[in-house]
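Asker:
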Amino acid sequence: MIKAPETTLTDSARVWCDGATDIRGGSALGHPRVWMEIDEKGYAECGYCDRRFVLKGGPADTAAQ
């Protein structure tokens, strides 16, 4: 498995990504906002920027194991 370029831990199974959350200047420098649902794997990946969203305490949360 290839490591995701950026991983974000979240408490919610429904997440969104615009690729510019942490960029000064905002979403004009990112991509269209997409909504994702974290499934039984415990994570979801953005199809634009490959950011991985990991559900805290879920099966993909290595810090919880």
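Each residue of the sequence shown is one higher than the last, beginning at 10 in this note's numbering.
A virtual CB, placed ideally from N, CA and C, is assigned to each residue, including glycine.
1) Jot down the residue ranges of each uninterrupted beta strand (DSSP E) in the region 10–69, minimum 3 residues, whole runs only, in chain order.
2) Quick one, which of 63, 66, 68, 59 has its alpha-carbon nearest residue 39's?
3) Should residue 28 go down as buried or exposed, given a rule of 16 or more other Cβ atoms within 10 Å for buried?
4) Taking the Cβ atom as the reference point for each residue, do residue 50 and residue 19 lie within a distance shorter than 9 Å?
5) Can you list, in chain order, the residues of its chain with a C-beta nearer than 6 Å to that of residue 47? Leave out the 5 residues immediately preceding and following it.
Answerer: To lay it out plainly:
1) Within the region 10–69, the runs of beta strand (DSSP E) that reach at least 3 residues and sit entirely inside it are, in chain order, 16–19, 23–26, 43–46, 52–54, 61–64.
2) Mapped onto the sequence shown, residue 39 falls at position 30. Ranking 63, 66, 68, 59 by Cα distance to residue 39 puts 59 first.
3) On the sequence shown, residue 28 is found 19 positions in, with the first residue counted as 1. Label assigned to residue 28: buried.
4) Start at 1 with the first residue of the sequence shown, and residue 50 comes out as number 41. Start at 1 with the first residue of the sequence shown, and residue 19 comes out as number 10. Their beta carbons are not under 9 Å apart, which means residue 50 does not touch residue 19 by this criterion.
5) Taking the first residue of the sequence shown as position 1, residue 47 is located at position 38. Once the five neighbours on either side are set aside, the close Cβ partners of residue 47 are 22, 53, 64.
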